[in-house]
Amino acid sequence: MDTDAVIAAIADPSRRRILDALRARDGQSVGELTEVLAPLGRHAVLKHVGVLEQAGLVVSRKQGRVRRCHLNAVPIVELAQRWIDDFGARASAGLLSLKTELEGPRE
Numbered sequence: 001m002d003t004d005a006v007i008a009a010i011a012d013p014s015r016r017r018i019l020d021a022l023r024a025r026d027g028q029s030v031g032e033l034t035e036v037l038a039p040l041g042r043h044a045v046l047k048h049v050g051v052l053e054q055a056g057l058v059v060s061r062k063q064g065r066v067r068r069c070h071l072n073a074v075p076i077v078e079l080a081q082r083w084i085d086d087f088g089a090r091a092s093a094g095l096l097s098l099k100t101e102l103e104g105p106r107e
């Protein structure tokens with residue numbers, strides 16, 4: 001895993017929105033992702049998808065004329081595991097669960 005590429009890829013808010021959209025509904029087309037990033041055009045979205053692909057966060061496949069994008073969360077999990085030991089992960093998971101319960105569901 002290229003840690004720098006993953007960090008650089010998720011540093012951009014537009015790319016995080018793409019990842020969030022794929023997390024909500026995997027296998028979206030580039031056209032559908034362009035709607036999610038409405039002010040950006042198709043070419044800008046394609047560039048963002050390319051950066052995410054190079055970082056290993058997105059895998060895309062062509063189906064006819066449609067390019068479908070799929071989330072690959074493995075690099076993010078590897079990045080998290082790099083800095084969080086097993087105890088810290090369990091404690092953090094408990095705190096996040098409590099936070100979610102107290103604050104309600106995220107949008």
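With full-length UniProt numbering applied, the sequence shown covers 1 to 107.
Note that beta-carbon positions come from the ideal geometry of N, C-alpha and C, so glycine has one too.
Values in this document were obtained by computation on a predicted structure and should not be read as measured data.
For Leu71, the uninterrupted beta strand (DSSP E) run begins and ends at Val66 to Leu71, by DSSP. A contact between stretches requires three or more CB pairs, one per stretch, nearer than 8 Å, and the segment 87–95 fails this requirement with the segment 44–60. Under DSSP, Arg61 forms a beta bridge with Arg68. A distance of 8 Å or more separates the beta carbons of Leu37 and His70. In this model, Ile10 and Glu101 are separated by some 26 Å (Cα to Cα). The continuous alpha helix (DSSP H) containing Pro75 extends over residues Val74 to Trp83.
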